[in-house]
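Asker:
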Amino acid sequence: MKRLFAVVALLAALGVLSKLALKGSPGHSGNGSMAGDGARSPGLDAPAAPDDGASLRARYAGTKSQGLVDRTWDKYRQTALAVERTDGIEGLALLDRLDLEAIFLYEKYPKEFRRLRDALDGDAAADLLLHWREYFGLKRADETDRSILISEIAHLSPAQRRAASKYPAALPLILAEPTGVTELITRKQGEPKELGDSLMLLDFISLEPGSAGLRAALRTLDTHGPLAIEAFRKRGMEGFALVKLYGETLLALDDAMPLDQALIVLRVNADYVDQLSRTLRPEALAGHLRHVAAAGLTELVGGSPDALRLVVEHGAMGEKALRQAGPDAADVVYGDYADDTLRNRAVEALAVHGTMALAMLDKYAIDPDFREILRDHGAAVIPPLARADAGPETLAYLRSKTDRTLTENLARSVLAVSGENGQATIRLIKKDGLERVAELDQSGVEFRQFLPLYDLLHLGSVLVRGHSPTTGELSFALMDGAFVVVDVLSLAAIQPEGAVAAEAARAEVKVAVREAAKTVGREAAEQAGEVATKALGRKGAETTAGQLSKWWAVRMAGGTYKVLRRLPEALPRMTLLEVADLGRPLCEKAGMKLSTWAPRRLLTSTGETLLAIPPASGLSYLAKQGAMAGVGVVGFQKMEEHLASRRPQQSAD
86 MKRLFAVVAL LAALGVLSKL ALKGSPGHSG NGSMAGDGAR SPGLDAPAAP
136 DDGASLRARY AGTKSQGLVD RTWDKYRQTA LAVERTDGIE GLALLDRLDL
186 EAIFLYEKYP KEFRRLRDAL DGDAAADLLL HWREYFGLKR ADETDRSILI
236 SEIAHLSPAQ RRAASKYPAA LPLILAEPTG VTELITRKQG EPKELGDSLM
286 LLDFISLEPG SAGLRAALRT LDTHGPLAIE AFRKRGMEGF ALVKLYGETL
336 LALDDAMPLD QALIVLRVNA DYVDQLSRTL RPEALAGHLR HVAAAGLTEL
386 VGGSPDALRL VVEHGAMGEK ALRQAGPDAA DVVYGDYADD TLRNRAVEAL
436 AVHGTMALAM LDKYAIDPDF REILRDHGAA VIPPLARADA GPETLAYLRS
486 KTDRTLTENL ARSVLAVSGE NGQATIRLIK KDGLERVAEL DQSGVEFRQF
536 LPLYDLLHLG SVLVRGHSPT TGELSFALMD GAFVVVDVLS LAAIQPEGAV
586 AAEAARAEVK VAVREAAKTV GREAAEQAGE VATKALGRKG AETTAGQLSK
636 WWAVRMAGGT YKVLRRLPEA LPRMTLLEVA DLGRPLCEKA GMKLSTWAPR
686 RLLTSTGETL LAIPPASGLS YLAKQGAMAG VGVVGFQKME EHLASRRPQQ
736 SAD
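Under this note's numbering, think of the first position of the sequence shown as 86, with each following residue one higher.
(1) Could you spell out the range, first to last residue, of the beta strand (DSSP E) harbouring Arg-685?
(2) Taking a contact to mean a Cβ-Cβ separation below 8 angstroms, would you say Ala-31 touches Ile-458 in this structure?
(3) Given Gly-388, which residues of its chain have a CB within under 6 angstroms of its CB, disregarding the five upstream and five downstream residues?
(4) Would you report the Cα separation of Thr-364 and Pro-277, rounded to the nearest angstrom?
(5) Please work out which residues of its chain come closer than 7 angstroms, Cβ to Cβ, to Asp-70, disregarding the five sequence neighbours upstream and downstream, and give them in chain order.
(6) Looking only at DSSP bridge pairs, what is Ile-290 linked to?
(7) Closest to Lys-723 by C-alpha separation, out of Thr-267, Pro-257, Gly-717, would be which residue?
(8) Do you know how far the Cα of Ala-313 is from the Cα of Ser-705?
(9) Looking at the structure shown, is Glu-323 part of a helix, part of a strand, or coil, going by DSSP?
(10) If you run the structure through DSSP and keep just helix, strand and coil, what is Ser-435?
(11) Just curious, the alpha helix (DSSP H) that Gly-138 is in, first and last residue?
(12) Buried or exposed, going by whether 16 or more other CB atoms sit within 10 Å of the CB of Phe-532?
(13) Can you give the Cα-Cα distance for Glu-725 and Ala-369, rounded to whole angstroms?
(14) Cα-Cα, which of Ala-301, Lys-678, Ala-708, Trp-682 is closest to Pro-294?
(15) Would you mind reading off the limits of the beta strand (DSSP E) that contains Gly-692?
(16) Can you list, in chain order, the residues of its chain with a C-beta nearer than 6 angstroms to that of Lys-319? Leave out the 5 residues immediately preceding and following it.
(17) Between which two residues does the alpha helix (DSSP H) holding Pro-257 run?
(18) Please identify the residue among Ala-665, Pro-657, Arg-686, Thr-308 whose C-alpha is closest to the C-alpha of Ala-697.
(19) Looking only at its chain, what residues have a beta carbon closer than 6 angstroms to the beta carbon of Gly-792, apart from the 5 residues adjacent to it on each side?
(20) What is the DSSP secondary structure of Ile-451, counted as helix, strand or coil?
(21) What distance in whole Å lies between the Cβ atoms of Ala-316 and Leu-348, which are believed to be in contact at a cut-off of 8 angstroms?
(22) Could you have a look at Gln-245 and say whether DSSP puts it in helix, strand or coil?
(23) Check whether the segment 226 to 235 and the segment 261 to 275 touch, using three or more Cβ-Cβ pairs below 8 angstroms as the test.
(24) Got a sec? Which residues, its chain only, sit under 6 angstroms from Glu-197 by beta carbon, not counting five neighbours each side?
(25) Mind checking whether Trp-682 and Ala-708 have CB atoms under 8 angstroms apart?
(26) Give a yes or no on whether the C-beta atoms belonging to Val-432 and His-462 are separated by under 8 angstroms.
(27) May I ask you to report which of helix, strand or coil DSSP gives Asn-354?
(28) Enumerate, from N- to C-terminal direction, the unbroken alpha helix (DSSP H) stretches of 4 or more residues contained entirely within the segment 355 to 426.
(29) Cutting at 7 angstroms between CB atoms, please list the residues of its own chain near Ala-209, excluding the five before and the five after it.
(30) What did DSSP end up calling Arg-200 once you bin it into helix, strand or coil?
(31) Grab the span of the alpha helix (DSSP H) containing Pro-670 for me, first residue to last.
(32) Could you pull out every residue in the same chain whose Cβ sits closer than 6 angstroms to the Cβ of Ala-406, ignoring the five residues on either side in sequence?
(33) Residue range of the alpha helix (DSSP H) that Pro-733 falls in?
(34) Cβ atoms of His-309 and Gly-332: under 8 angstroms apart, would you say?
(35) Taking the CB atoms as reference points, tell me whether Leu-179 and Ala-165 lie closer together than 8 angstroms.
(36) Just reading off the alpha helix (DSSP H) that Leu-177 is part of, what are its end residues?
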């Protein structure tokens, strides 16, 4: 054992001796390193100097990136060093623009970080990310949407990124249709107002179904740019849709009809215009509208969906019917009378008797007896029917008066006894012919009707001809007989001049009663025609209170045309949802689905965020959001729509 220790000690001594012998030899360097050992491994035998960013700043001193380096070092320190070391100055630029969102991507999703880094090919792309930094923060928890957004931004061309940087709120539109929207922005850059309105109307197009609706709107702006923008300003998205549907017709119409009036006429008569468009060229269709304007029928044709059809199919007679009875005439003609003969008879009656015919045609449209006498006798059935039809209303009117005159009292008594009504007159015409009732509607009272026993003799004539007397004829005959009795008693007691006075009084009373009954009845019939329109008469009990109230509000405001003429005044006071709802039917017809502007909830890393447009906000709010330097709620909502169209669709089980 002692020998072993002695050997070990000897070997150790020899090693020390050998080392001392080599110290200072030519083959050894002065700092104690062997020649040929190579560079020193960093951090091993060389102390690490603290890096305070001086070397980083020195590398970029005097370059255009010096300011960027200084900012990121001052704000992020070691993170800036790490990013620059792995991703260069482009990584620092992304860090400068996205702030904490960039750090989040760098640490959690380096692949997405580098994809955005590669997209920073200029100041425009960097500014674009700066504008949308807040939205990136909201999407931290949504890996699917965030990945889609980063990928699509990375695929934009430099020109598209410049456009999105200058108009950051338009980024969702550019992502949905990069080429078309970028070309629109480039084409209208010199016209700020035109471009602002163009982007505003495009914001109304929903991006959730994809970009088909957006492409349709862009084609309309390409083809009918100034016309489409002006129509949007006058009638919102409804006006824009009308240009999309009937742009060629509006161009052919030129200045023959002002644009706002032409849009109303097309809007109200859209179904019939579509029917004409199947067989007529736009120039021919514009010719019909030009005739309407020249004839002064614009307001009337713009008041009913069938008014243009009435003018085109019935010519001068249809025009006269519109003038006499108003837009409701078209509703009655095409809503109640499908048979060609009856329809022609109705148009004739409206042209001759106006609102009186309107009330009768509408009230008795479903009565088969009325349709039969209308087919056989035409417009001539309207006056006697209207006079008789007004009897109950006239009687109710007279009964409601508290200060009736003698004449009105006599008229009330006769009407109460006669009990005349429209149904009885229809049956009378059907049974005995129109001649039977013609004398009941004489415009004046003939002298022979003042003669004693005239009504009694007339009643006898009626019976001799085999006709059934009306209750009115019986009533007047009864009154005539009463006067004869009074006359006989008077003649026995008074002088001849007294008899003459009695006859004069009798004649005066008879004419007063007849004329009072006719006048009040005629006024009631005409007033009924003016007030009781097609919309109210046909719907009847099936019409809801809400529909009736809307109908009455439109009626009291002057009718459909006058209400629509005031839409430009109403648009600035309407909410975005109201503007969208107004144009939604026509826009869908034109292939454009509109946004609903409903609040959207985003699940973020810190909880839930609600994106909601203020309820009272309208077009001015949308315009301000589009013109602001940053991105607001409208831009975020449009981006949510776009991303919804890009999300992978889950297959149904």
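Even for Gly, the Cβ is constructed at its ideal location relative to N, Cα and C.
Answerer: With the given structure in hand:
(1) The residue given as residue 685 occupies position 600 in the sequence shown. Residues 685 to 689.
(2) This structure cannot speak to residue 31, because the chain is shown only from 86 to 738.
(3) The residue you call residue 388 lines up with position 303 of the sequence shown. Excluding positions up to five away in sequence, the list reads Pro-412, Gly-644, Thr-645, Tyr-646.
(4) On the sequence shown, position 279 is the one that residue 364 refers to. On the sequence shown, position 192 is the one that residue 277 refers to. In a straight line, the C-alpha of Thr-364 is about 41 angstroms away from that of Pro-277.
(5) Since the first residue of the chain shown is 86 and the last is 738, residue 70 is not available in this structure.
(6) In the sequence shown, residue 290 corresponds to position 205, counting from 1. Ile-290 pairs with Leu-679.
(7) By 1-based counting over the sequence shown, the position of residue 723 is 638. Closest by alpha carbon: Pro-257.
(8) By 1-based counting over the sequence shown, the position of residue 705 is 620. By 1-based counting over the sequence shown, the position of residue 313 is 228. Whole-angstrom Cα-Cα distance: 19 angstroms.
(9) Position 238 of the sequence shown, counted from the start, is the residue given in the question as residue 323. Helix.
(10) Position 350 of the sequence shown, counted from the first residue, corresponds to residue 435. The sequence shown places Leu at residue 435, not Ser. DSSP places Leu-435 in helix when its eight states are reduced to three.
(11) Mapped onto the sequence shown, residue 138 falls at position 53. Segment: none, Gly-138 is in no alpha helix (DSSP H) and carries neither H nor E.
(12) The residue you call residue 532 lines up with position 447 of the sequence shown. Residue placement at Phe-532 is flagged as unreliable, the pLDDT there being 33, under the threshold of 50; a coordinate-derived value is accordingly withheld.
(13) In the sequence shown, counting from the first residue as 1, residue 725 sits at position 640. In the sequence shown, counting from the first residue as 1, residue 369 sits at position 284. So the two alpha carbons sit approximately 45 angstroms from each other.
(14) The residue labelled residue 294 in the question sits at position 209 within the sequence shown. It is Lys-678.
(15) Numbered from 1 along the sequence shown, position 607 holds the residue referred to as residue 692. Here the beta strand (DSSP E) through Gly-692 covers 692 to 696.
(16) The count along the sequence shown starts at 1 and reaches residue 319 at position 234. Same-chain partners within the cutoff: Asp-345, Pro-653.
(17) Counting from one through the sequence shown, the residue named residue 257 turns up at place 172. Taken as a continuous stretch (DSSP letters only), the alpha helix (DSSP H) holding Pro-257 covers 256 to 261.
(18) If you number the sequence shown from 1, residue 697 lands on position 612. It is Arg-686 whose Cα lies nearest to the Cα of Ala-697.
(19) A question about residue 792 goes unanswered here, because the residues of the chain that appear run from 86 up to 738.
(20) As a first step, residue 451 is located in the sequence shown; it is residue number 366 there, counting from the start. Ile-451: coil per DSSP, three-state reduction.
(21) Residue mapping note: residue 348 aligns to position 263 of the sequence shown, counting from 1. Residue mapping note: residue 316 aligns to position 231 of the sequence shown, counting from 1. Indeed they touch by this definition, with Cβ atoms about 6 angstroms apart.
(22) To locate residue 245, count along the sequence shown from 1; it is residue 160. Of the three classes helix, strand and coil, the one that applies to Gln-245 here is helix, per DSSP.
(23) no
(24) Taking the sequence shown and counting its residues from 1, one reaches residue 197 at position 112. The answer, listed in chain order, is Leu-190, Ile-235.
(25) Working through the sequence shown from its first residue, we reach residue 682 at position 597. Working through the sequence shown from its first residue, we reach residue 708 at position 623. Not in contact: Trp-682 and Ala-708 (Cβ atoms no closer than 8 angstroms).
(26) Taking the first residue of the sequence shown as 1, we reach residue 432 at position 347. Taking the first residue of the sequence shown as 1, we reach residue 462 at position 377. No, they are not a contact pair.
(27) Within the sequence shown, numbered from 1, the residue matching residue 354 stands at position 269. Reduced to three states, the DSSP call for Asn-354 is coil.
(28) 355 to 362, 367 to 379, 383 to 386, 392 to 410, 413 to 421
(29) As a working mapping, residue 209 is identified with position 124 in the sequence shown. Excluding sequence neighbours, Ala-209 sits near Arg-246, Arg-247, Ser-250.
(30) Taking the sequence shown and counting its residues from 1, the one referred to as residue 200 is at position 115. Correct three-state label for Arg-200: helix.
(31) Numbered from its first residue, the sequence shown carries residue 670 at position 585. From DSSP, the alpha helix (DSSP H) with Pro-670 extends over 661 to 674.
(32) Within the sequence shown, the letter at position 321 stands for residue 406. These residues qualify, in order along the chain: Ala-414, Val-432, Leu-435, Ala-436.
(33) Counting from 1 along the sequence shown, the entry for residue 733 is found at position 648. No alpha helix (DSSP H) holds Pro-733; DSSP gives it neither H nor E.
(34) In the sequence shown, counting from the first residue as 1, residue 332 sits at position 247. In the sequence shown, counting from the first residue as 1, residue 309 sits at position 224. Yes.
(35) Position 94 of the sequence shown, counted from the start, is the residue given in the question as residue 179. Position 80 of the sequence shown, counted from the start, is the residue given in the question as residue 165. Not in contact: Leu-179 and Ala-165 (Cβ atoms no closer than 8 angstroms).
(36) If you number the sequence shown from 1, residue 177 lands on position 92. Run containing Leu-177: 163 to 183, per the alpha helix (DSSP H) assignment.
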